[in-house]
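Undergrad:
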Amino acid sequence: MWYVSTRGIAPRVNFEGALFSGYAPDGGLFMPEELPQLDRETLCQWSTLSYPGLVKELCALFIGSELIPKDDLNDLIDRAFSRFRHREVVHLSRLRNGLNVLELWHGVTYAFKDLSLSCTTQFLQYFLEKREKHVTVVVGTSGDTGSAAIESVQGAKNVDIIVLLPKGHCTKIQELQMTTVLKENVHVFGVEGNSDELDEPIKTVFADVAFVKKHNLMSLNSINWSRVLVQMAHHFFAYFQCTPSLDTHPLPLVEVVVPTGAAGNFAAGYIAQKIGLPIRLVVAVNRNDIIHRTVQQGDFSLSEAVKSTLASAMDIQVPYNMERVFWLLSGCDSQVTRALMEQFERTQSVNLPKELHSKLSEVVTSESVSDEAITQTMGRCWDENQYLLCPHSAVAVNYHYQQMDRQEPSTPRCCLAPASAAKFPEAVLAAGLTPETPAEIVALEHKETRCTPMRRGDNWTLMLQDTIEDLSRRWRGHALNASQ
């Protein structure tokens, strides 16, 4: 299985190359050169699999046994999910009035990112041990990615991780989940800026190809192909849990409602659809509505500023993974994709070509949800089910309630729930409800923290480069001692 860049200039790579690269050298994102097609028989066989079983099948399909033999792959995935609190790893809650909520948050940090990052870092360590190499992972986070990435690599001997978090822009719990991990290989910076601003120094560092190569740098943000790959399993599991039967011709449709910021779960769902899963996609966003405007009007342009909302992990201006969707919609035309994305990078505004826009609106519906609608949805779900939604999950469930209230006959529907309400007590209170906080989250309050400030007026890029150089020196010292 080979991977090519959506912009068509970078040479193709195998899964290992895509895993370690993040962005392709030409600025594009890696995608499979050819998508396999799943027939009805395969779907029926997969329908009885557990969530980890689906991840194993999808990864085997897209990684290749010459890189990771099947037995090794299965062991890595079992290890990745060993710390999840729910025996099914991912659980479907069937609630009143046809509301299906797929809980993707039973990992260590109570968010869906634990699923893809725990697998991704197992793959990383597998290759690093084989090649006796070290990497420094650099992550910018709006809240959940940082803590999930830290948890998945903390204590690993050949990985250092640097996380930039937006001070005051994520919840207290999200921040503590990052700053209380005191392992030697974890380095957290608190940036006086929002998540788009802290991406700038990271982008600058990664643009220096020689520096990246010299220090073995990589990113684990949602652009990493490995994360999108694992996220495809959410859609398969949702489908098999919610489909009324697999006996009809053609197979019945299931609608999957995806709350999203950077569009990783949307890209994963669209690829799942392209390889044969009969789902209809709905993307649900908060007031940061670039994806909604793109779907509705073909208007792929930045607003003036990021708006702070209750669904803070989706307070994102630039949905990086839309590039993968545009590439697939254009028939894998890298020239079209490159021209589109380069114009967007130059002017921060693109009107999609008519044909591309009409294709996009055929494959996905969208909605944008206000804070008021989020708290109303959280309240209604509690009243009807005694079930607490996190604000991001409420963005998806809001769509379900709208459809229900119109009393339109509907296909079965599954709403993805990316995080536990336990992480967002502020939003739960805003909805007039009582937070339920698990003991391990309460305990964070009393732990020692470690976080280096990046203040306005500091040279953030230089601080990042200095930290990376220091870690490289340290690793070389360790390696030297070990060989003597």
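Plus 570 on top of the position in the sequence shown (first one is 1) and you've got our numbering. Cβ coordinates follow ideal geometry from the N, Cα and C atoms, glycine included. Here the structure is a predicted model, which is why all the values come from computation and not from measurement.
To the nearest angstrom, report how far apart Glu745 and Asp645 are at their CA atoms.
TA: About 32 Å.
Undergrad: Could you say which of Ser765, Pro848 and Asn794 lies nearest to Gln607 if we only look at CA atoms?
TA: The residue with the shortest Cα to Cα distance from Gln607 is Pro848.
Undergrad: Enumerate in chain order the residues of its own chain whose CB-to-CB distance from Arg664 is below 7 Å, with the five nearest sequence positions on each side excluded.
TA: Contacts found: Asn670.
Undergrad: Classify Thr917 as buried or exposed, calling it buried when 16 or more other Cβ atoms lie within 10 Å of its own Cβ.
TA: Under this definition Thr917 is an exposed residue.
Undergrad: CA-CA distance, Ala808 and Ile1038?
TA: Distance between the alpha carbons of Ala808 and Ile1038 is about 40 Å.
Undergrad: Are Gln887 and Asp766 closer than 9 Å when you measure CB to CB?
TA: In this structure, Asp766 lies closer than 9 Å to Gln887 by Cβ.
Undergrad: Given a cut-off of 9 Å on the beta-carbon distance, is the pair Leu735 and Gly716 in contact?
TA: It is a contact, given that the beta carbons lie within the stated cut-off.
Undergrad: Please work out which residues of its chain come closer than 6 Å, Cβ to Cβ, to Lys753, disregarding the five sequence neighbours upstream and downstream, and give them in chain order.
TA: If we look at Lys753 and ignore the five residues flanking it on each side, its Cβ neighbours are Gln724 and Gly725.
Undergrad: Below 6 Å CB to CB, which residues in the same chain sit around Thr691 once its five sequence neighbours on both sides are set aside?
TA: These residues qualify, in order along the chain: Ser722 and Val723.
Undergrad: Quick one: any contact between the region 829-841 and the region 990-998, if contact means 3 or more CB pairs under 8 Å?
TA: As far as the Cβ criterion goes, the region 829-841 does not touch the region 990-998, which means the pair count is below three.
Undergrad: Enumerate, from N- to C-terminal direction, the unbroken beta strand (DSSP E) stretches of 3 or more residues contained entirely within the region 972-1050.
TA: Listed in chain order, the complete beta strand (DSSP E) runs (minimum 3 residues) inside the region 972-1050 are 983-987 and 1022-1024.
Undergrad: Per DSSP, what kind of secondary structure is Glu770 in: helix, strand or coil?
TA: Three-state DSSP puts Glu770 in a helix.
Undergrad: Could you check if Ser900 is buried or exposed, using at least 16 other CB atoms within 10 Å of its CB as the buried criterion?
TA: The residue in question, Ser900, is buried, as its Cβ has 16 or more Cβ neighbours within 10 Å.
Undergrad: Taking the alpha helix (DSSP H) that Thr907 belongs to, which residues open and close that run?
TA: Residues Ser904 to Thr917.
Undergrad: Just reading off the alpha helix (DSSP H) that Arg950 is part of, what are its end residues?
TA: Counting along the chain, the alpha helix (DSSP H) containing Arg950 begins and ends at Asp941 to Asn955.
Undergrad: Could you tell me the distance, in whole angstroms, from the CA atom of Ile633 to the CA atom of Ser575?
TA: Their Cα atoms are separated by approximately 17 Å.
Undergrad: Going by Cα to Cα distance, which pick from Met892, His805 and Val729 is closest to Asn786?
TA: Comparing Cα positions, the closest option is Val729.
Undergrad: Taking all protein chains shown into account, do 16 or more other C-beta atoms lie within 10 angstroms of the C-beta of Ser882, making it buried, or fewer, making it exposed?
TA: Classification of Ser882: buried, given that the 10 Å Cβ count is 16 or more.
Undergrad: What separation, rounded to the nearest whole angstrom, lies between the Cα atoms of Ser652 and Ser919?
TA: Each residue's alpha carbon lies about 44 Å from the other.
Undergrad: Is Lys933 near Asn856, with beta carbons less than 9 Å apart?
TA: Lys is not the amino acid found at residue 933; the sequence shown has Val there. No, these two residues do not count as a Cβ contact at 9 Å.
Undergrad: Ordered along the chain, which non-local residues of its own chain (more than five positions away) have a Cβ less than 8 Å from that of Glu699?
TA: Asn728.
Undergrad: To which residues of the same chain is Gly1002 closer than 8 Å at the C-beta, ignoring the five residues directly before and after it?
TA: Around Gly1002: Thr945 and Gly949.
Undergrad: Contact check, Pro1005 vs Leu1014 under 8 Å by CB: the rounded distance?
TA: 14 Å between Cβ atoms; not a contact.
Undergrad: According to DSSP, is Val751 part of a helix, a strand, or is it coil?
TA: Coil, per DSSP.
Undergrad: Which of the three DSSP states is assigned to Arg894 in this structure?
TA: Correct three-state label for Arg894: helix.
Undergrad: Please tell me whether Leu687 and Leu790 are closer than 9 Å, where the distance is taken between their beta carbons.
TA: Going by C-beta atoms, Leu687 is nearer than 9 Å to Leu790.
Undergrad: So Leu930 and Thr864 are in contact, right, with Cβ under 8 Å, and what is the actual spacing, rounded?
TA: Yes, they are in contact, since the Cβ atoms of Leu930 and Thr864 sit about 7 Å apart, within 8 Å.
Undergrad: Are the region 797-805 and the region 972-981 touching by the rule of at least three beta carbon pairs closer than 8 Å?
TA: The region 797-805, when compared against the region 972-981, does not touch it at the 8 Å Cβ threshold.
Undergrad: With DSSP as the reference, please indicate the residues paired to Thr813 in a beta bridge.
TA: Answer by DSSP bridge pairing: none, since Thr813 is not bridged.
Undergrad: Return yes when the Cβ of Val761 is within less than 9 Å of the Cβ of Met748, no when it is not.
TA: Not a contact, by the Cβ cut-off of 9 Å.
Undergrad: How big is the Cα-Cα spacing for Asn1051 and Lys703?
TA: If you take the alpha carbons of Asn1051 and Lys703, they lie about 15 Å apart.
Undergrad: Can you tell me where the alpha helix (DSSP H) holding Glu825 begins and where it ends?
TA: Here Glu825 belongs to no alpha helix (DSSP H); instead the beta strand (DSSP E) covers Val824 to Pro829.
Undergrad: Return the residue from the list Glu915, Glu586 and Leu922 that minimises the CA-CA distance to Glu770.
TA: When each option's Cα is compared against that of Glu770, the closest is Glu915.
Undergrad: Only counting the same chain, and skipping five residues up and downstream in sequence, which positions put a Cβ closer than 6 Å to that of Phe585?
TA: Cβ within range, chain order: Ile633 and Leu637.
Undergrad: Identify which residue in Ala838, Asp1036 and Lys640 has its Cα closest to the Cα of Tyr890.
TA: With distances taken between Cα atoms, Tyr890 lies closest to Ala838.
Undergrad: In or out: Gly677 buried (at least 16 other Cβ within 10 Å) or exposed?
TA: Gly677 is buried by the Cβ-count criterion.
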